[in-house]
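*Asks:* Residue numbers (the working numbering), protein chains in the order written: chain Y, 3 to 877; chain R, 301 to 489.
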Amino acid sequence: MAEAHPVGFQWVMEAKRRGAKVFHVDPRFTRTSAVADSYLPIRAGTDIALLGGVVRYILDNELDFREYVLAYTNAATIVSEQFADTEDGDGLFSGYDPNTDSYVQTSWQYAGHEADSGSGHTAKERDSAAGLRHESHGAQVHGQVQRDETLQHPRCVYQILRRHFARYTPEMVERVCGIPREKFLELARAWTENSGRDRTGALVYSVGWTQHSVGVQYIRTGAIIQLLLGNMGRPGGGILALRGHASIQGSTDIPTLFNLLPGYLPMPHHADHPTFDEWVDSIRHPGQKGFWGNARAYAASLLKAYWGDAATPDNDFCYDHLPRMTGDHGTYQQVLNMIDGKVRGYFLLGQNPAVGSAHGRAQRLGMANLDWLVVRDLFMIESATFWKNGPEVATGEIVPTECRTEVFFLPAASHVEKEGTFTQTQRLLQWREKAVEPPGDARSELWFFYHLGRRLRERLAGSPHRRDRALLDLAWDYPTHGPHDEPSAEAVLREINGYDVSTGRPLASFAEAKDDGSTAVGCWIYSGVYADGVNQAARRRSRHEQDWVAAQWGWAWPANRRILYNRASADPQGRPWSERKKYVWWDPQAGEWTGYDVPDFEKTKPPTYRPPQGASGPAALAGDDPFVMQADGKGWLYAPSGVLDGPLPTHYEPAESPLRNPLYGQQANPTRKVYAHPVNSVNPSPPQEHSQVFPYVFTVSRLTEHHTAGAMSRTVRPLAELQPEMFVEVSPELAAEAGLTHLGWAHLVSGRAVIEAKVLVTDRLTPLRVDGRVIHQLWLPYHFGYEGLVTGDSANDLFGITLDPNVLIQESKVGTCDVRPGRRPTGPALRDLVEDYRRRAGIVPGDRPPTVTTPVLRPAGRSDDGPREKGADHA
Amino acid sequence: MGLRTFIAGWPVYRQLTGTDPLGRGAAAQSGRSAGLTARTETADRVARSVCPYCAVGCGQRVYVSDDRVTQIEGDPDSPISRGRLCPKGSASKSLVTSPLRQTTVRYRRPYSTEWEDLDLDTALDMIADRVLAAREQTWEDVDSDGRPLHRTLGISSLGGATLDNEENYLIKKLFTAMGALQIENQARI
Chain Y
3 MAEAHPVGFQ
13 WVMEAKRRGA
23 KVFHVDPRFT
33 RTSAVADSYL
43 PIRAGTDIAL
53 LGGVVRYILD
63 NELDFREYVL
73 AYTNAATIVS
83 EQFADTEDGD
93 GLFSGYDPNT
103 DSYVQTSWQY
113 AGHEADSGSG
123 HTAKERDSAA
133 GLRHESHGAQ
143 VHGQVQRDET
153 LQHPRCVYQI
163 LRRHFARYTP
173 EMVERVCGIP
183 REKFLELARA
193 WTENSGRDRT
203 GALVYSVGWT
213 QHSVGVQYIR
223 TGAIIQLLLG
233 NMGRPGGGIL
243 ALRGHASIQG
253 STDIPTLFNL
263 LPGYLPMPHH
273 ADHPTFDEWV
283 DSIRHPGQKG
293 FWGNARAYAA
303 SLLKAYWGDA
313 ATPDNDFCYD
323 HLPRMTGDHG
333 TYQQVLNMID
343 GKVRGYFLLG
353 QNPAVGSAHG
363 RAQRLGMANL
373 DWLVVRDLFM
383 IESATFWKNG
393 PEVATGEIVP
403 TECRTEVFFL
413 PAASHVEKEG
423 TFTQTQRLLQ
433 WREKAVEPPG
443 DARSELWFFY
453 HLGRRLRERL
463 AGSPHRRDRA
473 LLDLAWDYPT
483 HGPHDEPSAE
493 AVLREINGYD
503 VSTGRPLASF
513 AEAKDDGSTA
523 VGCWIYSGVY
533 ADGVNQAARR
543 RSRHEQDWVA
553 AQWGWAWPAN
563 RRILYNRASA
573 DPQGRPWSER
583 KKYVWWDPQA
593 GEWTGYDVPD
603 FEKTKPPTYR
613 PPQGASGPAA
623 LAGDDPFVMQ
633 ADGKGWLYAP
643 SGVLDGPLPT
653 HYEPAESPLR
663 NPLYGQQANP
673 TRKVYAHPVN
683 SVNPSPPQEH
693 SQVFPYVFTV
703 SRLTEHHTAG
713 AMSRTVRPLA
723 ELQPEMFVEV
733 SPELAAEAGL
743 THLGWAHLVS
753 GRAVIEAKVL
763 VTDRLTPLRV
773 DGRVIHQLWL
783 PYHFGYEGLV
793 TGDSANDLFG
803 ITLDPNVLIQ
813 ESKVGTCDVR
823 PGRRPTGPAL
833 RDLVEDYRRR
843 AGIVPGDRPP
853 TVTTPVLRPA
863 GRSDDGPREK
873 GADHA
Chain R
301 MGLRTFIAGW
311 PVYRQLTGTD
321 PLGRGAAAQS
331 GRSAGLTART
341 ETADRVARSV
351 CPYCAVGCGQ
361 RVYVSDDRVT
371 QIEGDPDSPI
381 SRGRLCPKGS
391 ASKSLVTSPL
401 RQTTVRYRRP
411 YSTEWEDLDL
421 DTALDMIADR
431 VLAAREQTWE
441 DVDSDGRPLH
451 RTLGISSLGG
461 ATLDNEENYL
471 IKKLFTAMGA
481 LQIENQARI
């Protein structure tokens, strides 16, 4: 955190100054480790084993915050008797379908709801990255469940949790992660001792957790710990994602993502959502509790904002104008389709996949096989010059005079040359004022897309084609100003906020959204950012003139709430858990919730409220159901649906690992997304043969002085001077073993690429003793490429493409490689070296790695499924 | 110059008698540096902004003189950053004023080995032509069962996490109306 989010880290140091204990878990000793109380080196890709150890420590010693756990989580809920755990399945849960490498979730459901909840077969959910929808809300289950308040029922969530994590002992943590058990116990003790009624603990993570083939389950394990310890919805608690781009949260909320529409509404699927009603019902799931019950109003209001006067209740608000998903349309599938010649044109908007995405060679070969490419950036980036300066030009794989891709480079406006809002990592929108005009031809994206849309609509005017109706019906009349006819960002923000169609009055909150076409709302969770016609995101009351919550600085979604689910900061009766951790509470005199923050609860619903029989939506939430976006109002220790690779986290080895999984016969995530394409490959891992060809584990991360793919830092003189060169960091032991010299050259080889780097030998990396052998880890920055003031080979070229099944994020925080002294070969000899390694490793182009590696396959609920042959072969 | 002024000109005297016993501030200041004025003080205007790098969201003050950015400082009012900026945020002025920034449209013809210049207006027209052609060539109206698809898989887009919410909103709205489904950004990686 000190490296990649230095200014945010000041608050960790502030907490430390006041007595907090700081633990830092990282494969490499960094600037964060240097000021932490305790540093735990870990084998990359084993965090579930570590966190699972903490869960077991809590349950074994009964250190959970019992009153919180009973009232606010699903610990007491009874699960279906059809459910079978990984303990019985050697790493597979019940419901595994080896034909699709995915789960049928029926057996995971709450007892009595096997048929009416969940998503059934989840292969489709994986392709559409359905897990992302749950960024703002939980998955579907029925609101009425069976509970055992004594937590003794063998099928209650609490007991299932105990059994599931029983084998994650301190000894197992040491064996899997390489963390000495004393170090682990120090962490577990500090975490539990600093949680409870009077104290709270926070968990901070970043892409070191998400970029894994089990990334979502890493965070799920963190969530289980934080719920057991009562650290959610309370000040000083939580699970805090430190995101890496200025408005990456905003571009998820208002998604430039294939599977989502604004506010986490799903993009319709051709088979599941043929009609507006079926689409809406799939979101709100009639019968469930919580605020998603109003999904029809959010959906109708979005379509009204998109298609204006053309959208009416009679035509389902132009629902048929929306494009339909049929499968996986994510960025990696797109790149493989580019290589296969299926994509004509590609826009790059401030992103540089030639350096920043996994498998850089596939990215560049894809871009070299387009009809046209539009690059909009501040600088001439690698993704604009691959046809001229890319490594494949040197190897002869891309020949400029044979590369047909037509490239348009359009200069973009910088953050000071336009106005608008960024959403930072804690959901806070901050408006930026424009300082100067952009230089020359540089323009904002707002300008480019507004005027591109205007031209497209002009050309299509009078078109008889059905396909052009959605463009022609589009509400696309934004006021413009200035010499370049810049569209008004405030007018767009007002549409995002939503307004009453007949009067134009901006809505005060999403509670005012209607499903009859009388309101238009561009992104329902942002509703309120323009309340009273005032740009709330532009508020800048000094921190010296308000309290520590600072509610008058910017605006946080939803409803300017700074801590989500803050009803949980009070006990079931509505009283603060302690004076020290007072945040939001029930005021019986006034008959309302009050406190330092905007209460995350219906303001006048008393703690004693119990829903009437048959209630659904918000009315079904009891006065002590704090998790108001969850379908049962509870925090989920166990996830009966919504997570595609298991209701509980399980340690699997990374897709590329030198080790056999010490916990189960199942080696890697059995539901991970794999692409069997000739350009893609996975280095062999046990139980496959030849894993020793790539004996070392490598990981990548950021340097303080550089930013992502380098376009905004390798082009900036002071930053380029501070970190001028690509390097690989290794331990003295590995340097001795591999013959590497400090400040000399080395080259690293994977099944995809070979790259070179200067060698930095330090004891910031330490060999780990894991499962009886020594594992060496190497560390690389991923910022370098072939353009800019300082250049170097790209670390992401080493990775192949394997994705998390929930959100389709690639595993690019751990892989295997070989390392050799000296510089890499150049020209065609470079590919010869990679081919030689592939041959020795037995990599066959287009081959799939074995998915199931255990002979035990007991898919309860699908008795017709036998064990899979290829899995059995390798077991 | 009187004796008193002469002695007061000695840093060591100021260090021993003034408020700066460690000699790291006022005591060590030369007459020349005391006479300097910060360009933040003489700026024509100040825009309140936000750092463009990571997602912490540090407050920035952008100082402008003669319609040029002359300095970018941390905003001390911000409850998030309390006036601080990291090495990248501190280099933001160098970012926005970098001589390496491209300020004109560049065009590479198919099979060409060099860039050419292109007028912005022409570029926009050419892109509009290509978008419409790609849609026409790859349009899918219905699936094999006659259910609506209403889309093209011939157009892709990547990027958005460095852009404003308002920009992402228009990008998604226009692409969706175009039937372009394959819209992605950094949040996927």
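We treat Cβ as the ideally placed atom computed from N, Cα and C, and that holds for glycine. Computed from a predicted structure; not experimentally measured.
Could you list the residues in the stretch 416-437 of chain Y with a C-beta less than 9 angstroms from some C-beta on chain R, going in chain order?
*Replies:* Within the stretch 416-437 of chain Y, the residues whose Cβ lies closer than 9 angstroms to some Cβ of chain R are 416, 417, 418, 419, 420, 421, 422, 423, 424, 425, 426, 427, 428, 430, 431, 432, 433, 434, 435, 436 and 437, listed in chain order.
*Asks:* Does the beta carbon of residue 66 of chain Y come closer than 8 angstroms to any beta carbon on chain R?
*Replies:* With 8 angstroms as the cut-off, residue 66 of chain Y does not count as an interface residue toward chain R.
*Asks:* Run through chain Y and tell me which residues come within less than 7 angstroms of residue 461 of chain R, C-beta to C-beta.
*Replies:* The answer, in chain order, is 247, 249, 250 and 253.
*Asks:* Going by other Cβ atoms of all chains shown within 10 Å of its Cβ, with 16 needed for buried, is residue 307 of chain R buried or exposed?
*Replies:* By the neighbour-count rule (16 or more Cβ atoms within 10 Å), residue 307 of chain R is not buried but exposed.
*Asks:* At which residue ranges does the stretch 676-762 of chain Y contain complete alpha helix (DSSP H) runs of 4 or more residues, listed in the order of the chain?
*Replies:* Taking only runs of at least 4 residues, the alpha helix (DSSP H) segments lying wholly in the stretch 676-762 of chain Y are 719-724 and 734-740.
*Asks:* If the criterion is Cβ atoms closer than 8 angstroms, does the pair residue 129 of chain Y and residue 329 of chain Y meet it?
*Replies:* Going by C-beta atoms, residue 129 of chain Y is nearer than 8 angstroms to residue 329 of chain Y.
*Asks:* Who are the near neighbours of residue 482 of chain R in its chain, counting only those whose CB is closer than 8 angstroms to its CB and skipping five residues on each side?
*Replies:* Answer for residue 482 of chain R: 453, 455, 456 and 457, listed in chain order.
*Asks:* Just checking: is the beta-carbon of residue 353 of chain R within a distance shorter than 8 angstroms of some beta-carbon in chain Y?
*Replies:* Interface residue, yes.
*Asks:* Spatial neighbours of residue 680 of chain Y within its chain, please: CB distance less than 6 angstroms, with the 5 preceding and 5 following residues excluded, ordered by chain position.
*Replies:* Answer for residue 680 of chain Y: 847 and 848, listed in chain order.
*Asks:* Scan the stretch 210-243 of chain Y and note each continuous alpha helix (DSSP H) run of 4 residues or more that stays entirely inside, going in chain order.
*Replies:* Taking only runs of at least 4 residues, the alpha helix (DSSP H) segments lying wholly in the stretch 210-243 of chain Y are 217-230.
*Asks:* Which same chain residues, not among the five before or five after residue 59 of chain Y, have their C-beta less than 6 angstroms away from its C-beta?
*Replies:* Here the set comprises 190.
*Asks:* Taking the continuous alpha helix (DSSP H) assigned at residue 62 of chain Y, which residues delimit it?
*Replies:* Taken as a continuous stretch (DSSP letters only), the alpha helix (DSSP H) holding residue 62 of chain Y covers 49-62.
*Asks:* Tell me which residues of the stretch 305-317 of chain Y have at least one Cβ-Cβ distance to chain R shorter than 7 angstroms, keeping chain order.
*Replies:* Listed by position, the residues of the stretch 305-317 of chain Y near chain R (Cβ gap below 7 angstroms) are 308.
*Asks:* Check whether the Cβ atoms of residue 803 of chain Y and residue 360 of chain Y sit closer than 8 angstroms, and answer yes or no.
*Replies:* Yes; because the gap between Cβ atoms is below 8 angstroms, this pair is in contact.
*Asks:* Taking only the alpha-carbon atoms, compute the straight-line gap between residue 401 of chain R and residue 786 of chain Y and give it to the nearest angstrom.
*Replies:* Those two C-alpha atoms are separated by around 18 angstroms.
*Asks:* Out of Y/739, Y/620 and Y/636, state which residue places its alpha-carbon closest to the alpha-carbon of residue 820 of chain Y.
*Replies:* When each option's Cα is compared against that of residue 820 of chain Y, the closest is Y/739.
*Asks:* By the criterion of Cβ-Cβ separation under 7 angstroms, what are the contact partners of residue 495 of chain Y in chain R?
*Replies:* Within 7 angstroms Cβ-Cβ: 466.
*Asks:* Can you pull the chain Y neighbours of residue 469 of chain R, defined as C-beta to C-beta under 8 angstroms?
*Replies:* Residues of chain Y passing the Cβ test: 256, 264, 494, 497, 498, 524 and 525.
*Asks:* For residue 107 of chain Y versus residue 643 of chain Y, is the C-beta distance shorter than 8 angstroms?
*Replies:* Yes. Within cutoff.
*Asks:* What's the call for residue 490 of chain R, buried or exposed, on a 16-neighbour Cβ count within 10 Å?
*Replies:* Nothing can be reported for residue 490 of chain R, as the shown portion of chain R is limited to 301 through 489.
*Asks:* The stretch 531-558 of chain Y: which residues have C-beta closer than 7 angstroms to a C-beta of chain R, in chain order?
*Replies:* Those residues of the stretch 531-558 of chain Y that come within reach of chain R (Cβ to Cβ, closer than 7 angstroms) are 542, 544, 545, 552 and 555.
*Asks:* Could you give the residue range of the alpha helix (DSSP H) that holds residue 496 of chain Y?
*Replies:* Start and end: 491-499.
*Asks:* Would you tell me roughly how many angstroms separate the C-alpha atoms of residue 286 of chain Y and residue 268 of chain Y, rounded to the nearest one?
*Replies:* Answer to the nearest angstrom: the Cα atoms are 11 angstroms apart.
*Asks:* Just by C-beta distance, which residues in the stretch 332-352 of chain Y are closer than 9 angstroms to chain R?
*Replies:* Per Cβ criterion, the list reads 332, 333, 334, 335, 336, 337, 339, 340, 344, 345, 346, 347, 348, 349, 350, 351 and 352.
*Asks:* Using the Cα positions of residue 374 of chain R and residue 360 of chain R, report the straight-line distance between them to the nearest angstrom.
*Replies:* Roughly 5 angstroms separates the two Cα atoms.
*Asks:* In terms of residue numbering, what span does the alpha helix (DSSP H) encompassing residue 278 of chain Y cover?
*Replies:* Looking at the DSSP string, the run of the alpha helix (DSSP H) that includes residue 278 of chain Y is 278-286.
*Asks:* With a cut-off of 8 angstroms, does the C-beta of residue 89 of chain Y fall near any C-beta of chain R?
*Replies:* No, residue 89 of chain Y does not count as interfacial toward chain R.
*Asks:* Can you look up residue 871 of chain Y in the DSSP assignment and give me helix, strand or coil?
*Replies:* Because the pLDDT at residue 871 of chain Y is just 35, under 50, the model does not fix this residue reliably, and the value given afterwards should be weighed accordingly. In the structure shown, residue 871 of chain Y sits in a helix (DSSP, three-state: H, G or I).
*Asks:* So, for residue 440 of chain Y: in the same chain, excluding its five sequence neighbours on each side, which residues have a beta-carbon less than 6 angstroms away from its beta-carbon?
*Replies:* Once the five neighbours on either side are set aside, the close Cβ partners of residue 440 of chain Y are 415 and 419.
*Asks:* Look at residue 473 of chain Y and residue 477 of chain R and say whether their C-beta atoms are less than 8 angstroms apart.
*Replies:* Yes.
*Asks:* Give me the DSSP bridge partner(s) of residue 327 of chain Y.
*Replies:* Paired residues: Y/271.
*Asks:* Based on the DSSP output, what are the partners of residue 363 of chain R in its beta bridges?
*Replies:* DSSP output for residue 363 of chain R lists R/346 and R/371 as bridge partner(s).
*Asks:* Please list the partners that residue 348 of chain R has in chain Y, where partner means a Cβ-to-Cβ separation under 7 angstroms.
*Replies:* By Cβ distance, chain Y contributes 435 and 542.
*Asks:* According to DSSP, which residues form a beta bridge with residue 205 of chain Y?
*Replies:* Looking at the DSSP assignment, residue 205 of chain Y forms a beta bridge with Y/241.
*Asks:* Who are the Cβ neighbours of residue 373 of chain Y in its own chain at under 8 angstroms, not counting the five residues just before and after it?
*Replies:* Answer for residue 373 of chain Y: 346, 347, 406, 407 and 408, listed in chain order.
*Asks:* Using a C-beta to C-beta distance shorter than 7 angstroms, which residues of chain R count as neighbours of residue 728 of chain Y?
*Replies:* Neighbours of residue 728 of chain Y on chain R: none; closest Cβ ~18 angstroms, over 7 angstroms.
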